[in-house]
Amino acid sequence: MPANGRRDSPAEGRGLIRAEACEVNLAHHCNLACRGCFHLSPILPKRYADPVELRTKLSWLARCYRAGSLRLIGGEPLLHPDIPAVIAAVRESGVSSRLVVVTNGLLLGRMPDAFWAGVDKVRISSYPGKAMPGALLRECRRKAIRFGVDLRLALCPEFREPFSIPGTEDAGLVGRIYRTCLHAHVWQCHTVDAGYFYKCPQSRFIPAALPDATFSPQEDGIPIEDSPEFAGAVRSYLGSPVPLKSCRHCLGSVGKKFDHELVERSTWARRQDRPVEDLVDLECLARLEARPSSDPGYGGAVYHLNRLRDYLRHLIAQRSLGAVAAALMPRLRRRHSPERTPPVAPSSG
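No gaps in the numbering here: position 221 of the sequence shown is 310 in our numbering, and each next residue is one more.
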């Protein structure tokens, strides 16, 4: 990784634009209402991705762009009524050869064999108080082994403030948050939704969550088009140093930390009705400015050791001792592997 902590920009160089990951929100809504949802699902209306539109738009995108992995996410992606059709559409597009599903896992036992046969990895975000029952987790592990799917359980005990409804008028602060945003610049959580390409999921969903928004989500993205100019538009968009309109309301990677909790949907937005200045973690911001990716809440060694400890405790509590060994081996192999995959930011699912 370069000294500034950023991965090679997908907007640089010739040929295909290459990125770490691209996300597709299969469902905007969710079966949980997590206080720290980065995709703002608790206050979004029901909406499902259209497999036909998805195949077309991703195929156009694939002419100039490749992602290391394509994440099917949400909301809760398993709420989609025809996931096998979505999987087929994504596979046919060629935008990525690796398909990852990010889910809370509560509906995973309902998935047909076509689901397991079509994906490469399932990442289960496990939240305190809403973890998968042990029997369901063991059943899904057996399915994953049968179909050769990499099944991972990620405990999500804490989050950072995602956004501010009133935002801020401090352009300097907006710029600082934007420049240190791991979602946009390090993890490259690009998002495809309703025919548009976005630099990050927040730029798609924040405008939809603002009661008095003066701009639409589409103004922060670019339309995916079947045209020779599209590749240049993507390069210019991804390489721009100018914050998006949503950035005035976004906390990026530096919102204040808090423990996970489930809340009422009707009151979810009230907690975000404070200015950016009240919600930003200035110490974290300063650390990221001095040393990008250094925040222990997002990928530091102590953070990962604590996650592993909590994960093993969870498995032992479920009396799944065989799963303890199965969980340790991939982690030990990754420690000795020459390549490391960056962590997925806590989000929906």
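Glycine residues also receive a C-beta, built at the ideal position from the N, C-alpha and C atoms.
Owing to the predicted nature of the structure, the values given are computational and were not obtained by experimental measurement.
Alpha carbon of residue i to alpha carbon of residue j, nearest angstrom
{"i": "Arg-144", "j": "Val-281", "result": "11 Å"}
{"i": "Arg-107", "j": "Pro-381", "result": "21 Å"}
{"i": "Pro-222", "j": "Asp-259", "result": "46 Å"}
{"i": "Asp-209", "j": "Val-191", "result": "11 Å"}
{"i": "Cys-123", "j": "Ser-130", "result": "8 Å"}
{"i": "Asp-239", "j": "Trp-205", "result": "10 Å"}
{"i": "Pro-140", "j": "Glu-181", "result": "11 Å"}
{"i": "Gly-321", "j": "Val-211", "result": "33 Å"}
{"i": "Thr-356", "j": "Asp-309", "result": "27 Å"}
{"i": "Glu-112", "j": "Lys-232", "result": "24 Å"}
{"i": "Gly-157", "j": "Arg-187", "result": "7 Å"}
{"i": "Cys-289", "j": "Arg-235", "result": "34 Å"}
{"i": "Ala-243", "j": "Gly-194", "result": "11 Å"}
{"i": "Pro-330", "j": "Leu-226", "result": "43 Å"}
{"i": "Asp-171", "j": "Ala-138", "result": "10 Å"}
{"i": "Arg-249", "j": "Gly-163", "result": "18 Å"}
{"i": "Arg-241", "j": "Arg-230", "result": "9 Å"}
{"i": "Asp-362", "j": "Gly-237", "result": "45 Å"}
Beta-carbon proximity check, residue i vs residue j, cutoff 8 Å
{"i": "Gly-198", "j": "Glu-228", "result": "yes"}
{"i": "Pro-134", "j": "Pro-173", "result": "no"}
{"i": "Asp-367", "j": "Glu-247", "result": "no"}
{"i": "Tyr-285", "j": "Pro-312", "result": "yes"}
{"i": "Ile-295", "j": "Leu-340", "result": "no"}
{"i": "Gly-183", "j": "Ala-151", "result": "yes"}
{"i": "Ala-379", "j": "Trp-276", "result": "no"}
{"i": "His-118", "j": "Ser-253", "result": "no"}
{"i": "Leu-196", "j": "Val-365", "result": "no"}
Residue nearest to residue i in terms of C-alpha spacing, selected from the options
{"i": "Cys-153", "options": "Cys-339, Ile-234, Glu-318, Thr-303", "result": "Glu-318"}
{"i": "Val-179", "options": "Ala-283, Ala-220, Leu-167, Arg-160", "result": "Arg-160"}
{"i": "Glu-372", "options": "Val-365, Lys-345, Ala-358", "result": "Lys-345"}
{"i": "Arg-359", "options": "Leu-168, Glu-378, Ala-283, Leu-299", "result": "Leu-299"}
{"i": "Leu-168", "options": "Gly-157, Ala-116, Ala-203, Ile-213", "result": "Ala-116"}
{"i": "Asp-301", "options": "Ser-316, Arg-249, Gly-256", "result": "Gly-256"}
{"i": "Pro-306", "options": "Leu-327, Pro-330, Ser-335, Glu-378", "result": "Ser-335"}
{"i": "Gly-328", "options": "Ala-273, Val-365, Asp-315", "result": "Ala-273"}
{"i": "Ser-316", "options": "Gly-261, Asn-114, Ser-253, Lys-146", "result": "Lys-146"}
Same chain, Cβ closer than 8 Å to residue i, neighbours up to 5 away in sequence not counted
{"i": "Gly-264", "result": "Pro-332"}
{"i": "Leu-351", "result": "Leu-121, Ala-122, Cys-123, Arg-124, Tyr-216, Gly-218, Lys-219"}
{"i": "Leu-374", "result": "Arg-265, Ile-266, Thr-269, Val-343"}
{"i": "Trp-59", "result": "Residue 59 lies beyond the range of the chain shown here (90 to 438); nothing can be said about it."}
{"i": "Ile-132", "result": "Ala-298, Arg-354, Trp-357, Ala-358"}
Residue-level contact to chain D via CB, residue i, 8 Å cutoff
{"i": "His-279", "result": "The chain labelled as chain D is not found in the depicted structure, where only one protein chain is given."}
Secondary structure of residue i, DSSP reduced to three states
{"i": "Val-175", "result": "helix"}
{"i": "Ala-302", "result": "coil"}
{"i": "Cys-289", "result": "coil"}
{"i": "His-272", "result": "helix"}
Cβ shell of residue i (< 6 Å), same chain only, five flanking positions each side left out
{"i": "Gly-207", "result": "Ile-176"}
{"i": "Arg-136", "result": "His-117"}
Beta-carbon proximity list for residue i, same chain, < 7 Å, skipping 5 on both sides
{"i": "Leu-105", "result": "Cys-153, Tyr-154, Arg-155"}
Residue i beta carbon near the ligand MG (any heavy atom closer than 7 Å)
{"i": "Ile-132", "result": "Judged by which ligands are present, the structure shown has none, so any question about the ligand MG falls away."}
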